Structure formats: C-alpha cells, structure tokens
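Working notes for the structure below.
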Amino acid sequence: MDQAKGLRQIARTDALAKSQARMASHTKKFPKVIAVTSGKGGVGKTNIVGNLAVAMTGAGKRVIIIDADVGLANIDIVFNLRPEYSIRHVVSAEKRIDQVMVKTHHGIGIIPGGSGFADLTQLSEGEKLTLLSEFETLSDQADIILVDTGAGISSNVLYFNAASDECIVVATTEPTSITDAYALMKVMSQKHGTRYFKLIVNMADSEKDAKRVYASLSNALDKFLKTVVLEYTGYIPFDRQLQRAVQKRALVLDEFPGSTAGAALEKIANTLLNGKDRMHTQGNLTFFMNRVFQAAT
Ligand SMILES: Nc1ncnc2c1ncn2[C@@H]1O[C@H](COP(=O)(O)OP(=O)(O)OP(=O)(O)O)[C@@H](O)[C@H]1O
Ligand SMILES: [Mg+2]
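In the numbering used here, the protein residues as written are 293 to 589.
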C-alpha cells in the first residue's frame with residue numbers, strides 16, 4: 293500500500309474510532325435508517341416515503357428524508373419545495389449538510405442528493421471523510437431516516453439498500469413489478485448478502501390481491517433463494533385522492549387525511565415504528581455512510 297493511501301485509511305479509521313468513542317459515551321438511541329426501494333420504477337416509492345415521514349412525524353418521531361434517487365429525484369416535488377443545494381455541495385465542501393437540508397412545514401428534514409451520490413465509487417478519500425463527518429452531525433437530529441433510493445438494480449440503489457437498517461421493497465400487483473422486485477432482492481442477496489426485506493404492496497385493489505403478491509414473491513424466494521426472508525408490512529389501495537394530491541404537489545396525508553390510502557399509510561407507519569428490529573445495526577449516521585462506501589468498493 294502506498295504511504296498516502298495508508299495515511300488516508302488511518303484518517304478514516306480515526307474518524308470512525310472517534311465516532312465510536314462518542315457512541316460509547318452516549319446511551320441514546322441512534323436513528324434507524326429505512327430504505328424504500330423497488331425493482332420497477334413508478335410504483336409509489338416517493339409518495340410512500342413522503343407520507344410515512346408525515347405519519348411518523350405525527351407520531352412524535354423526528355424524521356429526515358434522504359433523496360438518494362440520482363435519476364429523477366422528486367421528493368422535493370411532493371412536498372412542494374425547491375431546494376437550492378444538494379449533497380453535491382457537501383461533497384465539494386461548499387456547504388454544510390444543515391445548509392443543504394430543507395425543512396417541510398411538518399419539521400421533516402429533506403436532504404436532496406442531486407448528483408452528489410451519482411458515482412460513489414469515484415469519490416476521493418477526502419470527499420468521503422467530509423461526507424462521513426457531515427452525516428454524523430445529523431445523528432442527533434433524527435429518530436428515523438427514510439431513504440428514497442430510486443428504482444432498479446443500479447449500483448447506487450444497491451449501496452443505499454445494503455447500508456440501511458431496513459430495506460422496504462415496494463411492488464404493485466403488476467407481474468413486471470413483481471418480477472423486478474424479485475430480481476432486486478436476488479441481486480441484493482447475491483452481491484451484498486442482504487437476507488431480510490420488508491414488502492409494501494401499492495395500488496392494490498384489496499388486501500387479498502396484496503397478499504397474493506406477497507405469496508408469489510415468498511414462494512419464489514423459498515424455492516430459489518432460501519436464505520432470504522421477506523416480511524409483509526402492508527398494502528396501500530389504489531386511491532384517486534392520492535393522485536389528486538400529487539397533482540397539487542402535496543401528500544395525500546396532508547390533503548385528504550381521511551382517504552383510504554392515507555389510512556393505509558398511517559397503519560404502515562405504525563407497523564414500522566412498533567415492529568421488532570431484525571436488522572437494526574447500532575451506530576450513528578457516520579456508520580451508515582461508511583457502510584454505503586464499503587458497499588461501493
Ligand atoms: N396508492 C396509489 N393510488 C393511486 N395512484 C398512485 C398510488 N401510489 C402512487 N400512485 C401514482 O403513481 C405515481 C408515481 O408515484 P411515485 O412518484 O411515488 O413513484 P416512484 O416509485 O417514486 O417513481 P420513480 O421510480 O419514478 O421514482 C404517482 O404520481 C401517482 O399518480
Ligand atoms: Mg420516486
């Protein structure tokens with residue numbers, strides 16, 4: 293190993309060791325990082341993330357959303373916000389993370405990824421260190437971090453999923469969405485050793501239909517990917533009121549709190565907040581970002 297690389301590694305290990313020492317001196321809980329992902333695009337991830345954030349904030353949790361969708365980032369649109377900066381400005385050390393984060397009227401923090409997460413493998417060690425220490429400053433500010441990862445099996449989606457405490461896969465009842473959800477879990481398990489996923493079925497006509505999607509995915513996993521466990525977390529019915537809210541650049545839980553989709557999203561938020569932690573990896577957000585970088589090497 294060349295000397296410079298050695299020194300950089302020492303610096304990174306040092307940043308982690310400092311974080312660990314700080315962790316040991318606190319007895320507080322660290323934020324839980326939940327990634328929301330899908331094989332196929334357009335299945336409702338961004339709306340699910342936004343509404344879960346609203347429901348969880350209503351339940352007294354401090355929530356931060358990371359928009360890690362490097363393709364068509366649009367969490368800001370559903371909240372009708374226009375962020376000026378993104379993680380790109382943090383990477384280039386032009387801005388601190390709290391200058392990049394925008395707050396919704398509910399108090400939810402939104403961190404726009406922009407092109408900042410576009411190619412994590414290309415980041416220099418210095419840029420990684422900057423991100424690690426900036427993310428650490430967020431650890432005290434949230435109980436829950438929701439990550440909108442974007443769709444598909446591109447590397448970035450996989451890195452964020454692999455690094456999160458929980459990975460929620462969103463699928464609809466369409467066969468292509470189901471096969472793509474399976475393909476995503478397969479790649480995650482083969483490339484990153486992920487063995488535990490949660491499923492949300494969106495735009496279903498009934499719970500029976502949603503359970504059918506769950507059954508077909510878990511049957512396929514039982515047959516071909518025995519190490520992977522998929523847990524059913526809930527379903528959201530197809531609801532025109534959600535679409536009406538989207539038209540207004542708003543979230544269904546704000547616009548139509550009594551809607552069927554809104555009620556389903558509240559229920560899922562409660563399930564997620566009250567369910568047992570299977571994978572909650574203890575550690576602050578420095579550790580989360582470090583796991584992202586590790587997945588990307
Ligand atoms: N439960 C629902 N009922 C009716 N329509 C829905 C529902 N959920 C999502 N939609 C429709 O699907 C559209 C896409 O949703 P959204 O943008 O949240 O998906 P996405 O998975 O984030 O997409 P992308 O992969 O492009 O990021 C919404 O604008 C809305 O019209
Ligand atoms: Mg989206």
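All C-beta atoms in this analysis are idealised placements derived from N, C-alpha and C, irrespective of residue type, glycine included. Nothing here was measured: the structure is a model prediction, and the numbers come from that model.
Which one or two residues does DSSP pair with residue i in a beta bridge?
i    : result
K324 : I436
I403 : I358
S330 : A443
T395 : Position check: residue 395 holds Lys in this sequence, whereas Thr was assumed. In the DSSP output, where bridge partners are listed per residue, K395 has G401.
What are the start and end residues of the alpha helix (DSSP H) that includes residue i?
i    : result
M495 : Careful: M495 lies outside any alpha helix (DSSP H), inside the beta strand (DSSP E) at Y488 to A496.
V461 : Where V461 is concerned, there is no enclosing alpha helix (DSSP H), although the beta strand (DSSP E) it sits in stretches over E458 to A463.
S481 : P467 to H484
L415 : Element bounds for L415: n/a, residue is neither H nor E.
A561 : T552 to N566
E547 : V544 to E547
A385 : Where A385 is concerned, there is no enclosing alpha helix (DSSP H), given that its DSSP letter is neither H nor E.
N372 : No alpha helix (DSSP H) contains N372, which DSSP labels as neither H nor E.
N339 : K337 to G350
A588 : Run containing A588: none; DSSP gives neither H nor E here.
L430 : From DSSP, L430 is part of no alpha helix (DSSP H); its letter is neither H nor E.
A410 : From DSSP, A410 is part of no alpha helix (DSSP H); its letter is neither H nor E.
R536 : R532 to Q539
Considering just the uninterrupted stretch of the beta strand (DSSP E) at residue i, what are its terminal residues?
i    : result
D359 : V355 to D359
E499 : Counting along the chain, E499 falls outside any beta strand (DSSP E), though it belongs to the alpha helix (DSSP H) covering E499 to F516.
G526 : V521 to P529
Applying the criterion that 16 or more other CB atoms from any shown protein chain within 10 Å of the CB defines a buried residue, is residue i buried or exposed?
i    : result
N372 : exposed
E376 : exposed
R583 : buried
F322 : buried
S384 : exposed
F579 : buried
N566 : exposed
K500 : exposed
A507 : exposed
P467 : exposed
K540 : exposed
K568 : exposed
N511 : exposed
G334 : exposed
S469 : buried
D472 : buried
D359 : buried
E386 : exposed
G418 : exposed
K337 : buried
T589 : exposed
T617 : Since the displayed the chain opens at 293 and closes at 589, residue 617 lies outside it and no answer follows.
T413 : exposed
D531 : buried
D457 : buried
Please work out which residues of its chain come closer than 6 Å, Cβ to Cβ, to residue i, disregarding the five sequence neighbours upstream and downstream, and give them in chain order.
i    : result
A475 : G331
S407 : R380
A434 : P323, R354 and I356
L534 : V544 and A553
N494 : V335, G336, V462, T464 and I528
If you drop the 5 nearest sequence neighbours on each side, which residues of the same chain put their C-beta closer than 8 Å to that of residue i?
i    : result
L450 : V479, M480, K483, H484 and A587
R388 : V382, E426 and T429
S431 : F322, P323, N576, L577 and T578
V392 : P375, Y377, S378, I379, H381, V382, I403 and P404
F489 : C459, I460, V461, M477, M480, V520, V521, L522 and E523
Quick one: residues in its chain with C-beta nearer than 7 Å to the C-beta of residue i, no 5 flanking neighbours on either side, listed in chain order?
i    : result
V341 : V328, I357, I367, L438 and D440
F409 : A360, V362, I379 and N448
A455 : F580, R583, V584 and A587
A561 : L344, A347, M348 and A351
I436 : P323, K324, I326, M348, K353 and V355
S446 : none
A556 : G526, Y527, I528 and P529
task: Evaluate the contact criterion for the region 468-479 versus the region 336-348: three or more CB pairs, one atom per stretch, below 8 Å.
output: Verdict: no, contact absent.
So does the region 354-369 actually touch the region 390-403, counting three or more Cβ pairs closer than 8 Å? Because the criterion of three Cβ pairs below 8 Å is met, the region 354-369 and the region 390-403 touch.
Evaluate contact between the region 546-557 and the region 513-525, counting only Cβ atoms and requiring at least three cross-stretch pairs below 8 Å. In short, these stretches do not touch, since the Cβ pair count stays below three.
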